[in-house]
Amino acid sequence: MGARLNAPFSPGALLAARLLVIYPFLSGVLGMIRLRPGVGAVPVIDRLDGVPDVLWMAIVAVYGIMVVALWLDRGARAAAIIAGSIVLLDVVVALEEYSNNRLLVGLALVLLGLADERMGTWPIRAQLSLMYAGAALNKLLEADWRSGRFVENWTIEVLDLSVYPELADRWPDLHQVLAWLTIGVESGLAALVLVVQRTRWAVIAALGFHGGMLVLTEGTVSWLFGYAVAATLISLTEPRRTSPYVIAAIAFWGLQRVVA
Amino acid sequence: MRVRRGLIIGILVVQVLAVGYARTTESRYLSWAPYDQISFYEVDVEVDGELLSPAAVVDRYPLGLWVDDNAARGRENRSMAHVRHLIERREGQLDEMVAVTLTWSTNGGEAERWALD
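In structure tokens, the structure reads:
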């Protein structure tokens, strides 16, 4: 296993890992992995509260080294596994900071590092499929989603959007339509992302879905998750040039700034 | 190769199990359930019979609470079970004589209440 970790990334996987590993720098104060123990995923983690801060700082420093290693393509696979593991550690040591965004970033980095050319893209495809299928299933089983009540309460009462309420006044069923559209799109993406021959359609559909959500919620939900998904999807492609995808990632940020 | 394939399969299987487990509980960790519910809640805490100020409640729990209308308030985007779980675990860490009252409304519905003594 150690020798195989020196195997080179595919261009798509390397670019994806590079974009994913800088996610923490985009997502918060200083953007760094927090790694401050809080309420752990299991009680035994709470005992880590006594661990000296210097150890946590050392782990954060290791993460920084892995970022550099990935961008310099030095031991990139191992760097992706280590960086992803640190992100996942950050998730489990403080459940109050639980975030699906960071969960995806951590899992995608680890899977990109573990997969090799013989496995192809199936680990990432399976991960994305699982993510969308889980999201669709959870919504499908929520009565408030099926009735459209969640969408109505969220868009009008919680987000206090400016445009959507006018549309909803004209079309009273809009809440329910959007709810079922969301469930349908997520279900479709769960299947589409597994079909290698339809990769381009999956990428377009996913980016359209997350971009559409960003516009509908006037910049609230969620350029960060859209960025994480876009970066992960890049691993399914073989980009000849870096710039279109970097531009796409930046476009998500710009779109959020425009509509927010 | 086998080890790596096994790890990959293990990572995916854990998530499948988590999605399945989410069907049997209110918890939504690891089950890919973002924005299934939007709940707004209020927390009141008594320690040794004395009611804590809203600011003290905000400091007590790592829930991103804020003070509004003289109450400690919060928002949860996945499941109120997470809030209850975090309060229980935090009180376990503090190990004090405490009475916690959590009042919330999910998706604009009727108010619900939970108490921890």
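So the sequences go chain by chain: A and B.
Using the working numbering, the first residue of the first sequence is number 1, and each one after it goes up by one.
Using the working numbering, the first residue of the second sequence is number 1001, and each one after it goes up by one.
Every residue gets a Cβ at the ideal spot worked out from N, C-alpha and C, and that includes glycine.
Note that this is a predicted model, so its numbers are computed, not measured.
Can a CB atom of chain B be found closer than 7 Å to the CB of residue i?
i                            : result
methionine 213 of chain A    : no
aspartate 262 of chain A     : Given that chain A is displayed from residue 1 to residue 260, the structure contains no residue 262 of chain A and the question cannot be resolved.
leucine 114 of chain A       : yes
leucine 30 of chain A        : Only weak support exists for where leucine 30 of chain A lies, its pLDDT of 41 falling under 50; the value from the coordinates is given anyway. Chain B contact via Cβ: absent.
aspartate 144 of chain A     : yes
methionine 1 of chain A      : Since pLDDT at methionine 1 of chain A reaches only 44, below the 50 mark, its modelled position is unreliable, and no value is offered.
leucine 130 of chain A       : yes
phenylalanine 9 of chain A   : no
valine 158 of chain A        : yes
alanine 126 of chain A       : yes
proline 134 of chain A       : Contrary to the premise, residue 134 of chain A reads as glycine rather than proline in this sequence. Interface residue, yes.
proline 264 of chain A       : Here chain A has residues from 1 to 260 only, and residue 264 of chain A is not among them.
glutamate 96 of chain A      : yes
tryptophan 154 of chain A    : yes
phenylalanine 150 of chain A : yes
Quick one, are the C-beta atoms of residue i and residue j less than 7 Å apart?
i                          : j                           : result
alanine 136 of chain A     : alanine 80 of chain A       : no
glutamate 1046 of chain B  : alanine 1099 of chain B     : yes
glycine 1196 of chain B    : glutamate 186 of chain A    : In the structure displayed, chain B extends from 1001 to 1117; residue 1196 of chain B sits before or after that span and is not available.
valine 193 of chain A      : leucine 128 of chain A      : yes
asparagine 1057 of chain B : alanine 1072 of chain B     : Looking at the sequence shown, residue 1057 of chain B is not asparagine but valine. Their beta carbons are under 7 Å apart, which means valine 1057 of chain B touches alanine 1072 of chain B by this criterion.
valine 21 of chain A       : leucine 70 of chain A       : yes
arginine 1113 of chain B   : threonine 1106 of chain B   : no
valine 1019 of chain B     : glycine 64 of chain A       : no
leucine 1063 of chain B    : glutamate 96 of chain A     : yes
alanine 76 of chain A      : phenylalanine 25 of chain A : no
threonine 220 of chain A   : leucine 174 of chain A      : no
tyrosine 132 of chain A    : alanine 58 of chain A       : no
tryptophan 171 of chain A  : isoleucine 1038 of chain B  : no
glutamate 942 of chain B   : valine 1083 of chain B      : Past the edges of chain B, shown from 1001 to 1117, lies residue 942 of chain B, and the structure says nothing about it.
Which same chain residues end up closer than 6 Å to residue i when comparing Cβ atoms and leaving out the 5 residues on each side of it in sequence?
i                            : result
alanine 145 of chain A       : A quick correction: the sequence has tryptophan, not alanine, at residue 145 of chain A. Taken in chain order, the residues that qualify are Lys139 and Ala179.
methionine 1 of chain A      : Residue placement at methionine 1 of chain A is flagged as unreliable, the pLDDT there being 44, under the threshold of 50; a coordinate-derived value is accordingly withheld.
leucine 104 of chain A       : Ala228
asparagine 101 of chain A    : Leu224, Phe225 and Ala228
arginine 1129 of chain B     : One cannot answer for residue 1129 of chain B here, as it falls past the ends of chain B, which runs 1001 to 1117.
leucine 236 of chain A       : Thr121 and Thr199
phenylalanine 349 of chain A : Past the boundaries of the shown model lies residue 349 of chain A; chain A is included only from 1 to 260, so the question cannot be answered.
threonine 1101 of chain B    : Asp1044 and Ala1115
valine 67 of chain A         : Val21
proline 123 of chain A       : Leu111 and Ala115
glycine 84 of chain A        : Gly106, Leu109 and Val110
Just checking: is the beta-carbon of residue i within a distance shorter than 7 Å of some beta-carbon in chain A?
i                          : result
arginine 1004 of chain B   : yes
aspartate 1036 of chain B  : yes
alanine 1056 of chain B    : no
leucine 1086 of chain B    : yes
alanine 1111 of chain B    : no
valine 1045 of chain B     : no
glycine 1010 of chain B    : no
tryptophan 1065 of chain B : The sequence as given places leucine at residue 1065 of chain B; tryptophan does not occur at that position. With 7 Å as the cut-off, leucine 1065 of chain B does not count as an interface residue toward chain A.
valine 1019 of chain B     : yes
glycine 1108 of chain B    : yes
serine 1031 of chain B     : yes
leucine 1007 of chain B    : yes
serine 1105 of chain B     : no
For the putative contact between residue i and residue j, defined by C-beta atoms under 8 Å, what is the C-beta separation to the nearest angstrom?
i                          : j                        : result
glycine 212 of chain A     : glutamine 176 of chain A : About 17 Å separates the two Cβ atoms, so there is no contact after all.
isoleucine 1008 of chain B : alanine 13 of chain A    : Incorrect: roughly 14 Å between the Cβ atoms, too far for contact.
alanine 126 of chain A     : leucine 1012 of chain B  : 5 Å
arginine 1060 of chain B   : leucine 1052 of chain B  : 7 Å
leucine 214 of chain A     : leucine 255 of chain A   : 6 Å
glycine 1092 of chain B    : tyrosine 1041 of chain B : The Cβ separation is near 20 Å, so there is no contact.
valine 62 of chain A       : isoleucine 82 of chain A : 7 Å
glutamate 270 of chain A   : alanine 7 of chain A     : Nothing in the structure corresponds to residue 270 of chain A, since chain A is present only between 1 and 260.
Short of 7 Å in beta carbon distance, which residues of its chain neighbour residue i, apart from the five on each side in sequence? Order them along the chain.
i                         : result
threonine 182 of chain A  : Lys139
glutamine 1015 of chain B : Leu1030
Spatial neighbours of residue i within its chain, please: C-beta separation below 8 Å, excluding the five flanking residues on both sides.
i                          : result
valine 163 of chain A      : Glu218
valine 203 of chain A      : Leu233, Leu236 and Thr237
glutamate 1096 of chain B  : Val1047 and Asp1048
alanine 248 of chain A     : Leu207 and Ala230
glutamate 152 of chain A   : Ala168 and His175
asparagine 1070 of chain B : Pro1054
Determine contact between the segment 81 to 98 of chain A and the segment 109 to 116 of chain A, defined as no fewer than three beta-carbon pairs at a distance below 8 Å. yes
Does the segment 1088 to 1095 of chain B come into contact with the segment 1021 to 1029 of chain B, if we say contact requires no fewer than three beta-carbon pairs (one atom in each stretch) closer than 8 Å? no
Looking at C-beta atoms only, is the number of pairs between the segment 1032 to 1040 of chain B and the segment 1002 to 1014 of chain B that lie closer than 8 Å three or more? no
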